[in-house]
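Trainee: The structure follows.
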Amino acid sequence: MRARWIAAQEARGIDPEFRIKPPLGGNFSFLLLGDTGEGDASQYAVVPGMLKAGKDTSFAVIASDVIYPTGSGNEYGDKFFRPYKDYDAPIYAIPGNHDWYDGLGGFMRVFCDTPALKPKPDRGLRGLLWRKPDTIDETLLTEARRFRDKPSQQATQPGPYWVIESDSLLIVGVDTGIRNVIDKAQTAWLRRVSLDPRPKILVTGKPIYTGNAYKPSKLEEGGTIDDIVRDPAHHYVAAIGGDVHNYQRYPVKVGDRVIQYIVSGGGGAFMHATHTIGRVDAGGVHEDDFRCYPLRGDSLSFYSQLYARRLRMKWLGLTPSEGLCIMSEHIKNQPVRTPEGPVTITRRMRWAARLLGAWPWPFRLPVDKVFHRYLSELSDWDTPPFFKQFLHISVTQETLTLRCLAATGCLAQEVEPPLEDEVTIRLS
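Numbering follows our numbering, in which position 294 of the sequence shown is assigned residue number 1121; successive positions increment by one, without gaps.
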């Protein structure tokens, strides 16, 4: 399907190198949001902070899963155009697996202004069971586009993968599809783009490091995308992926340099737990150098209270201070935040943490892999706090600064988005 979309775009005369050239100098800033499009309170709660932090940014990037659950082109009104109607700059995107469940039809129509592909017979089991793409209601789409109809907001990208060029940095977006495999044509393009001598950020639908594990996207021809990222001739300084709905940062030493591997998928969709991440040792990263949002203790506390309410088991509930102390005891790290008042860890609290997957235990409630794959949507919530986040990225000729800003749905965080993490990278 991707090959068909690319062939259609090439027939329309797009830039064969998939370049986007906004009017950027050496100094600029942009926003990055991952996994945005639920269209509910958790997505809209991100918007006030995003608008405040992004007031003078040149553009925004959505990294993965623009539209939940099936990427339908008929859902872009409430899940893309309306929430970002007041963001006065272009928005580019790379698709996630959910955008592909619609055959990428909605994504290509909205971001690339591409008409639908001619239907192709799909025989066999997939043809019987796979969801048929929606026919896009053009009247509905035209009405939705009016939310973002200012000249300053307009942009058309060449395809589902692209490179945004500036004087001092390239932002390289790749399409990992459903199976997390980079096809041969996209790989060949990525290798060509990566030879450019300018420093680069990779933006990908699937993070390379996540959950204390190394999960690089495979190349169809063999090897992984991280082989390209780590090659010193390619000058990648960071790789940012969506798909997982929280924030994680792994500063991995590669030779004599450090590459920042980041998960940024907290842009609007339901939250994935962080308290299931054990003491970090992936990629040689020390636990005290690892960062995540929400903090593990807050994640444990929130899910404990969620289950305590839904199962009517009050003893499961843990306060944020109790969650902080339990996770610090288990991980053996220095707490990022000082707990409020003295906390005595009890047997009840340890049992609650075990049942909620804070460490391996045969009998536990679904908050980890099963929860991630099958049950997360069933425990979505629409009241604060949401533990959402987005990135504000500033670029100069010399440095690149990434800031993780939080959005909870609470007024104080809308007025002043909290800074949860910050890192500055030298480009020269």
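Here a beta-carbon is modelled for each residue, glycine too, at the ideal position from N, C-alpha and C.
Since we're looking at a predicted model, the values are computed, not measured.
1) Which partner residues of alanine 1100 appear in the DSSP bridge assignment?
2) Do you know how far the Cα of glycine 1095 is from the Cα of threonine 897?
3) Three-state secondary structure (DSSP) at arginine 936?
4) Tell me which residue opens and which closes the beta strand (DSSP E) that tryptophan 989 is part of.
5) Give me the Cα-Cα distance between phenylalanine 1214 and tyrosine 911, rounded to the nearest whole angstrom.
6) Alpha carbon to alpha carbon, what distance is there between alanine 1040 and tyrosine 1134?
7) Counting only the same chain and skipping the five closest in sequence on each side, list residues whose C-beta sits under 6 Å from that of phenylalanine 938.
8) Can you tell which of Pro942, Thr1228, Tyr1088 and Asp905 has the C-alpha that lies nearest to the C-alpha of leucine 858?
9) How should lysine 1027 be labelled, buried or exposed, when 16 other C-beta atoms within 10 angstroms of its C-beta is the threshold for buried?
10) What residue from Arg1253, Gln1161 and Arg829 has the CA that sits closest to methionine 935's CA?
11) Cα separation between glycine 923 and serine 899?
12) With respect to the beta strand (DSSP E) encompassing arginine 1118, which residues constitute its N-terminal and C-terminal limits?
13) Below 8 Å on the Cβ atoms is my contact criterion, and I expect glutamate 1149 with serine 1128 to pass it. Report the Cβ-Cβ distance as a whole number of Å.
14) In whole angstroms, give me the CA-to-CA distance for arginine 1230 and leucine 1218.
15) Does the distance from the CB of threonine 1003 to the CB of threonine 1031 come in under 7 Å?
16) With a threshold of 16 other CB atoms inside 10 Å of the CB of serine 1255, please say whether the residue is buried or exposed.
17) According to DSSP, is alanine 1015 helix, strand or coil?
18) Since alanine 980 and alanine 916 are thought to touch, with beta carbons under 8 Å apart, how far apart are those beta carbons, to the nearest angstrom?
19) Could you pull out every residue in the same chain whose Cβ sits closer than 6 Å to the Cβ of serine 1131, ignoring the five residues on either side in sequence?
20) How close, in whole Å, do the beta carbons of leucine 1123 and valine 1250 come, if the pair is a contact with beta carbons under 8 Å?
21) Does DSSP classify glutamine 813 as helix, strand or coil?
22) Do asparagine 901 and aspartate 961 have their beta-carbon atoms positioned less than 7 Å apart in this structure?
23) DSSP state of phenylalanine 907, grouped into three classes?
24) Would you give the residue range spanned by the alpha helix (DSSP H) that arginine 972 belongs to?
25) Let me confirm a value: methionine 1098 is counted as buried when at least 16 other C-beta atoms fall within 10 Å, else exposed. Which label applies?
26) Where does phenylalanine 1190 fall in DSSP's three states?
27) Confirm, please, whether the CB-CB distance from isoleucine 1035 to alanine 1066 is below 7 Å.
28) Considering just the uninterrupted stretch of the alpha helix (DSSP H) at arginine 975, what are its terminal residues?
29) What is the C-beta distance between glycine 933 and isoleucine 963, in whole angstroms, given that I count them as a contact (C-beta under 8 Å)?
30) Under the DSSP definition of a beta bridge, which residues are partnered with phenylalanine 855?
31) If I measure Cβ to Cβ from glycine 1082 and keep anything under 7 Å in the same chain, skipping five residues before and after, which residues do I get?
32) If we count the other Cβ atoms within 10 Å of its Cβ and call it buried at 16 or more, is aspartate 862 buried or exposed?
33) Go to isoleucine 1086, then tell me how far its beta strand (DSSP E) extends in each direction, as first and last residue.
34) Quick one: residues in its chain with C-beta nearer than 6 Å to the C-beta of glycine 866, no 5 flanking neighbours on either side, listed in chain order?
35) Would glutamine 1240 be called buried (16 or more neighbouring beta carbons within 10 Å of its own) or exposed?
Mentor: Checking against the coordinates, here is how it stands:
1) Stepping through the sequence shown from its first residue, residue 1100 is reached at position 273. Beta-bridge analysis with DSSP links alanine 1100 to no other residue.
2) Sequence index remark: in the sequence shown, residue 897 carries index 70 (1-based). Sequence index remark: in the sequence shown, residue 1095 carries index 268 (1-based). The straight-line gap from Cα to Cα measures roughly 16 Å.
3) One-based indexing of the sequence shown puts residue 936 at position 109. When DSSP states are grouped into helix, strand and coil, arginine 936 belongs to the helix group.
4) For the purposes of this step, residue 989 is identified with residue 162 of the sequence shown, where counting begins at 1. Start and end: 989 to 992.
5) Against the sequence shown, residue 1214 aligns to sequence position 387. Against the sequence shown, residue 911 aligns to sequence position 84. Taking the straight line from one Cα to the other gives about 19 Å.
6) As a first step, residue 1134 must be located in the sequence shown, where it is residue number 307. As a first step, residue 1040 must be located in the sequence shown, where it is residue number 213. Cα to Cα, tyrosine 1134 sits roughly 27 Å from alanine 1040.
7) Translated into positions along the sequence shown, residue 938 becomes position 111. For phenylalanine 938, same chain residues with a beta-carbon under 6 Å away, outside a window of 5 residues either side, are Ala920 and Gln984 in chain order.
8) In the sequence shown, counting from the first residue as 1, residue 858 sits at position 31. Nearest option by C-alpha distance: Thr1228.
9) As a working note, residue 1027 is residue 200 in the sequence shown. Looking at its Cβ environment, which holds 16 or more other Cβ atoms inside 10 Å, lysine 1027 is buried.
10) Here residue 935 is taken as the residue at index 108 of the sequence shown, counted from 1. Here the closest residue by C-alpha is Arg829.
11) Translated into the one-based positions of the sequence shown, residue 923 becomes position 96. Translated into the one-based positions of the sequence shown, residue 899 becomes position 72. A straight-line Cα-Cα distance of about 13 Å links glycine 923 and serine 899.
12) Residue 1118 sits at position 291 when you count from the first residue of the sequence shown. 1118 to 1120 is the span of the beta strand (DSSP E), which, as asked, contains arginine 1118.
13) Taking the sequence shown and counting its residues from 1, one reaches residue 1149 at position 322. Taking the sequence shown and counting its residues from 1, one reaches residue 1128 at position 301. A Cβ-Cβ separation of about 7 Å places glutamate 1149 in contact with serine 1128 under the 8 Å criterion.
14) As a first step, residue 1230 is located in the sequence shown; it is residue number 403 there, counting from the start. As a first step, residue 1218 is located in the sequence shown; it is residue number 391 there, counting from the start. Counting only the Cα atoms, leucine 1218 lies some 6 Å from arginine 1230.
15) For the purposes of this step, residue 1003 is taken as residue 176 along the sequence shown, with counting starting at 1. For the purposes of this step, residue 1031 is taken as residue 204 along the sequence shown, with counting starting at 1. Going by C-beta atoms, threonine 1003 is nearer than 7 Å to threonine 1031.
16) Taking the sequence shown and counting its residues from 1, one reaches residue 1255 at position 428. Counting other Cβ atoms within 10 Å of its Cβ, serine 1255 stays below 16 and is therefore classed as exposed.
17) As a first step, residue 1015 must be located in the sequence shown, where it is residue number 188. In this structure, alanine 1015 counts as helix in the three-state DSSP scheme.
18) What you label residue 980 is simply residue 153 of the sequence shown in a count that begins at 1. What you label residue 916 is simply residue 89 of the sequence shown in a count that begins at 1. According to the sequence shown, residue 980 is glutamine rather than alanine. That pair is a contact at about 7 Å.
19) The residue labelled residue 1131 in the question sits at position 304 within the sequence shown. Short of 6 Å from the beta carbon of serine 1131, and not among the five residues preceding or following it, lie these beta carbons of its own chain, in chain order: Leu1143, Gly1144, Leu1145, Ala1179 and Leu1183.
20) Here residue 1123 refers to the residue found at position 296 of the sequence shown. Here residue 1250 refers to the residue found at position 423 of the sequence shown. For clarity, residue 1123 is arginine in the given sequence; the question names leucine instead. The C-beta distance from arginine 1123 to valine 1250 rounds to 19 Å, too long to fall under 8 Å, and the pair is not in contact.
21) Residue 813 lies beyond the residue range present for the chain, which begins at 828 and ends at 1255; the question has no answer from this structure.
22) Indexing the sequence shown from 1 puts residue 961 at position 134. Indexing the sequence shown from 1 puts residue 901 at position 74. Result yes, Cβ atoms of aspartate 961 and asparagine 901 sit closer than 7 Å.
23) Within the sequence shown, residue 907 is the residue found at index 80, counting from 1. Three-state result, phenylalanine 907: helix.
24) The sequence position of residue 972 within the sequence shown is 145, counting from 1. First-last of the alpha helix (DSSP H) with arginine 972: 965 to 972.
25) The sequence position of residue 1098 within the sequence shown is 271, counting from 1. Methionine 1098 is buried by the Cβ-count criterion.
26) Your numbering for residue 1190 matches position 363 in the sequence shown. DSSP places phenylalanine 1190 in the coil class of the three-state scheme, outside both helix and strand.
27) If you number the sequence shown from 1, residue 1066 lands on position 239. If you number the sequence shown from 1, residue 1035 lands on position 208. Taking 7 Å as the cut-off, the beta carbon of alanine 1066 is found closer than this to the beta carbon of isoleucine 1035.
28) Mapped onto the sequence shown, residue 975 falls at position 148. It is not in any alpha helix (DSSP H) - arginine 975 carries neither H nor E in the DSSP assignment.
29) Within the sequence shown, residue 933 is the residue found at index 106, counting from 1. Within the sequence shown, residue 963 is the residue found at index 136, counting from 1. Between isoleucine 963 and glycine 933 the Cβ distance is about 7 Å, and since that is below 8 Å, they are a contact.
30) Taking the sequence shown and counting its residues from 1, the one referred to as residue 855 is at position 28. DSSP lists Val1222 as partners of phenylalanine 855.
31) In the sequence shown, counting from the first residue as 1, residue 1082 sits at position 255. Listed in chain order, the non-local C-beta contacts of glycine 1082 below 7 Å within the same chain comprise Pro1059, local neighbours out to five positions each way being set aside.
32) Translated into positions along the sequence shown, residue 862 becomes position 35. Flag for aspartate 862 reads buried.
33) Numbered from its first residue, the sequence shown carries residue 1086 at position 259. That run of the beta strand (DSSP E) goes 1084 to 1091.
34) For the purposes of this step, residue 866 is taken as residue 39 along the sequence shown, with counting starting at 1. The beta carbon of glycine 866 sits closer than 6 Å to those of Asp905 and Lys906, all from its chain and outside the five residues before and after it, given in chain order.
35) As a first step, residue 1240 is located in the sequence shown; it is residue number 413 there, counting from the start. A buried status is given to glutamine 1240, since no fewer than 16 other beta-carbon atoms sit within 10 Å of its beta-carbon.
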